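J.: As given, the protein sequences belong to chains A and B, one line each in that order. Per this note's numbering, residue 1 is the first one in the first sequence, and the count goes up by one each step. Per this note's numbering, residue 1 is the first one in the second sequence, and the count goes up by one each step.
Protein chains: 2
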Amino acid sequence: MKAAPEREVDRSVSQTVKAQLALRDQILSGRLRPGERISELQAVETTGASRTPVRMALVRLEEEGLLEAIPSGGFMVKAFSERDISDSIELRGTLEGLAARFAAERGVSARELEPLKECLGAIDELLRQVPISVDAFSSYVTLNARFHAVLTELSRSPPLIRQIDRASALPFASPSGFVMAQSALPEAQQILIIGQEHHRVVIDAIENREGARAEAVMREHARLAVRNLRLALRNRTHLDLLPALALIKTATD
Amino acid sequence: MKAAPEREVDRSVSQTVKAQLALRDQILSGRLRPGERISELQAVETTGASRTPVRMALVRLEEEGLLEAIPSGGFMVKAFSERDISDSIELRGTLEGLAARFAAERGVSARELEPLKECLGAIDELLRQVPISVDAFSSYVTLNARFHAVLTELSRSPPLIRQIDRASALPFASPSGFVMAQSALPEAQQILIIGQEHHRVVIDAIENREGARAEAVMREHARLAVRNLRLALRNRTHLDLLPALALIKTATD
DNA sequence: AAATCAATTTATGTATACAGATTTAACCAC
DNA sequence: GTGGTTAAATCTGTATACATAAATTGATTT
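Structure follows, in structure tokens:
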């Protein structure tokens, strides 16, 4: 047995992934400002990887939607308007609606539906305690993400799953993007309860093979996230809980 | 003025783009078989670019959906089932439906609607001649692509436009993916006429700000492409007109 | 004869060096 | 003082060299 490795380069993950994670963190935390060119050299210094993996990471982040290619070369951080974000959420809702419809129309066995119902039960448990603690909010985010992921899988459509994953990659478009931001707001509890009702309805619709109903409720479910977005932007008290806030371009720009 | 450049490297387009185009062509033409690993070295030889741009192109083609990453490293050509393809088309239809709804709900000026109506008129002109010539089919493909592109733009939603572009990148999911394949079939003319009716209706719906109608008709419009797909696969007489046929995995595999 | 192990070959991931292009800054002229 | 031009510095795109890991093939043993 050798001693612990001297240099902690962490060979388990590739340099490319490491650079991608580091850069994404820098973007979402606002250290890299929207509109400004990302210097590869600087990225090399901050991420520790060399230029090749950094370049790779930049390409991936562009495809992910966080970066924009500059015609003359290189990349810059993309800026998003409030409209862009709400459209991205509506987009995700539309895709999840399609997934729910596929699941309903194509049929899902009771066994396959079980993980979804487990999520439902766990969230029910969370919402039983009033008022909802910050920890409970955090658990909700995890369970909600799981619910959406499982539901997406139930469509059994690889192309659709792929697109939903891409649409949810933008942090502010993901299912729980703005839940935490309003954990201290009085409306929060109501919104969570309504969201959970949507979860309940979509399961029921899938069980009864009601495609249109399943689709409609998932679309409406996403609009709850749009409401969360609006709430969060109007009540700027807990914006520190939000990543990716730095990407939103305000009207003053 | 210098004489014509000795070496024809074509510096106007980057090596990365050149490699991407060359590889995509190889994939769609079937020279690279689904499932088999793509050798970077071999790609370097066939594309003429060096390893770095080839690697870049491979990453982009993966994001595009034509390639799949191999866990142990490298990429392989993805294989698609008939279900995958019809789902991709339905997916595109859903997104275009959303774009049409956005356009209708948010309002489009008469001037902005003009390019769309020009396309409509041009296609009307094409369909007037019976039977429809192969050239007319070809023109239809161009005009149809333009119609869909313009309609997408009318949503005025950059995130949505981006996603539609991604969804249409798969050649068999693009709006005119299977039109040419059945240019010799008797049903072809009818399908084109029906498709044109959809075009007419969606314009009318947008003009009258009927969001639900605009969305529904674009979804149905995409299902026409699914029908084209089925027709093309059943009547395998003109499959040579189809790119990307090599990617479809048959039941015998 | 078949299976397993080892060795060799090849492939990918990474780093770095180099060239062309772009941008910025400084200086000069008007 | 301002604007334009030129030069320098930096940055991206590309090529290639190197190291590590994986896969395949051959040989040996059971």
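Ideal Cβ positions, reconstructed from N, Cα and C, are used throughout, including at glycine. Since we're looking at a predicted model, the values are computed, not measured.
What is the DSSP secondary structure of VAL77 (chain A), reduced to helix, strand or coil?
T.: In this structure, VAL77 (chain A) counts as strand in the three-state DSSP scheme.
J.: Who are the neighbours of GLU63 (chain B) on chain A, taking C-beta pairs under 7 Å?
T.: Per Cβ cutoff of 7 Å: GLU63.
J.: Let's see if you can read the secondary structure: which residues bound the alpha helix (DSSP H) around GLU125 (chain A)?
T.: GLU125 (chain A) -> alpha helix (DSSP H) spans 110 to 128.
J.: Taking CB distances under 8 Å as the criterion, tell me whether ARG60 (chain A) reaches chain B.
T.: Cβ-Cβ to chain B under 8 Å: yes for ARG60 (chain A).
J.: Could you run through the stretch 84 to 103 of chain A and flag, in chain order, every residue whose CB is less than 7 Å away from some CB of chain B?
T.: So the close ones are ASP84, ASP87, SER88, LEU91, THR94 and LEU98.
J.: Can you pull out the residues from the stretch 41 to 61 of chain A whose beta carbon lies closer than 8 Å to at least one beta carbon of chain B?
T.: If the cut-off is 8 Å between Cβ atoms, the stretch 41 to 61 of chain A has THR52, ARG55, MET56, VAL59 and ARG60 near chain B.
J.: Might you give, ordered along the chain, the residues of its own chain that have their beta carbon closer than 7 Å to the beta carbon of LEU277 (chain B), omitting 5 neighbours on each side?
T.: In the structure as shown, chain B begins at 1 and stops at 253. Residue 277 (chain B) is therefore absent and cannot be evaluated.
J.: Taking 8 Å as the cut-off, decide whether the C-beta atoms of VAL59 (chain A) and ARG51 (chain B) are in contact.
T.: Cβ distance not < 8 Å, so VAL59 (chain A) and ARG51 (chain B) don't count as in contact.
J.: In the DSSP assignment, what residue or residues form a beta bridge with ILE248 (chain B)?
T.: BP columns for ILE248 (chain B) point to B:PHE80.
J.: Going by Cα to Cα distance, which pick from B:PRO186, B:GLU118 and B:ARG219 is closest to LYS131 (chain B)?
T.: A small correction: the amino acid at residue 131 (chain B) is Pro; Lys does not occupy that position in the sequence shown. Ranking the options by Cα distance to PRO131 (chain B), first place goes to B:PRO186.
J.: Determine, for PRO158 (chain B), whether the minimum Cβ-Cβ distance to residues of chain A falls below 8 Å.
T.: Answer yes: the Cβ-Cβ gap between PRO158 (chain B) and chain A drops below 8 Å somewhere.
J.: Taking only beta carbons into account, state which residues of the stretch 138 to 169 of chain B come closer than 8 Å to chain A, listed in chain order.
T.: If the cut-off is 8 Å between Cβ atoms, the stretch 138 to 169 of chain B has SER157, PRO158, PRO159, LEU160, ARG162, GLN163, ARG166 and ALA167 near chain A.
J.: Which residue comes first and which comes last in the alpha helix (DSSP H) that contains GLU153 (chain B)?
T.: Start and end: 134 to 154.
J.: Tell me the rounded alpha-carbon separation between SER155 (chain B) and ARG162 (chain B).
T.: One C-alpha to the other measures close to 11 Å.
J.: Straight-line CA distance for ILE194 (chain A) to ALA136 (chain A)?
T.: Going by the C-alpha atoms only, they are around 16 Å apart.
J.: Kindly indicate which three-state DSSP category GLU68 (chain A) falls into: helix, strand or coil?
T.: In the structure shown, GLU68 (chain A) sits in a strand (DSSP, three-state: E or B).
J.: Might you give, ordered along the chain, the residues of its own chain that have their beta carbon closer than 8 Å to the beta carbon of THR94 (chain B), omitting 5 neighbours on each side?
T.: ARG219 and ALA222.
J.: Rounded to whole angstroms, what is the Cα-Cα separation between ALA214 (chain A) and SER174 (chain B)?
T.: Approximately 27 Å between the Cα atoms of the pair.
J.: Ordered along the chain, which non-local residues of its own chain (more than five positions away) have a Cβ less than 8 Å from that of GLU36 (chain A)?
T.: MET76 and VAL77, listed in sequence order.
J.: For SER168 (chain B) and GLN129 (chain A), what's the separation of their Cα atoms in angstroms?
T.: Cα to Cα, the separation comes out at about 47 Å.
J.: Between the Cα of GLU62 (chain A) and those of A:ILE85, A:GLU114 and A:ARG166, spot the shortest distance and give me the residue it belongs to.
T.: Comparing Cα-Cα distances from GLU62 (chain A) to each of A:ILE85, A:GLU114 and A:ARG166, the minimum goes to A:ARG166.
J.: Just how far apart, CA to CA, sit GLN42 (chain B) and PRO34 (chain A)?
T.: Each residue's alpha carbon lies about 39 Å from the other.
J.: Between the C-alpha atoms of ARG24 (chain B) and GLY121 (chain A), what's the straight-line distance to the nearest angstrom?
T.: If I take the Cα positions, the gap works out to 47 Å.
J.: Could you please give the first and the last residue of the uninterrupted alpha helix (DSSP H) stretch that includes LEU21 (chain B)?
T.: Residues 15 to 28.
J.: Per DSSP, PRO34 (chain A) forms a beta bridge with which residues?
T.: BP columns for PRO34 (chain A) point to A:VAL77.
J.: Exposed or buried, which one is GLY73 (chain B) when buried takes at least 16 other CB atoms within 10 Å?
T.: Exposed, because fewer than 16 other Cβ atoms sit within 10 Å of the Cβ of GLY73 (chain B).
J.: What does a CB cutoff of less than 7 Å around ALA145 (chain A) pick up in its chain, not counting 5 residues either side in sequence?
T.: Excluding positions up to five away in sequence, the list reads PRO175 and SER176.
J.: Express the C-alpha separation of GLY48 (chain B) and GLU8 (chain B) in angstroms, rounding to a whole number.
T.: Annotation note: pLDDT 33 at GLU8 (chain B) (below 50); position unreliable, no value reported.
J.: Measuring CB to CB, does HIS199 (chain A) end up less than 8 Å from ILE248 (chain A)?
T.: Cβ distance not < 8 Å, so HIS199 (chain A) and ILE248 (chain A) don't count as in contact.
J.: By the three-class DSSP mapping on this structure, what secondary structure does VAL179 (chain B) have?
T.: VAL179 (chain B) falls in the coil class under three-state DSSP.
J.: Can you tell me which of the three DSSP states GLY257 (chain B) falls into?
T.: It is not possible to answer for residue 257 (chain B), since the shown part of chain B is limited to 1 through 253.
J.: Helix, strand or coil for ARG209 (chain A), going by three-state DSSP, please let me know.
T.: DSSP places ARG209 (chain A) in coil when its eight states are reduced to three.
J.: Closest by CA to LEU66 (chain B), which one among B:SER29, B:LEU233, B:ARG230 and B:ALA79?
T.: The option with the nearest alpha carbon to LEU66 (chain B) is B:ALA79.
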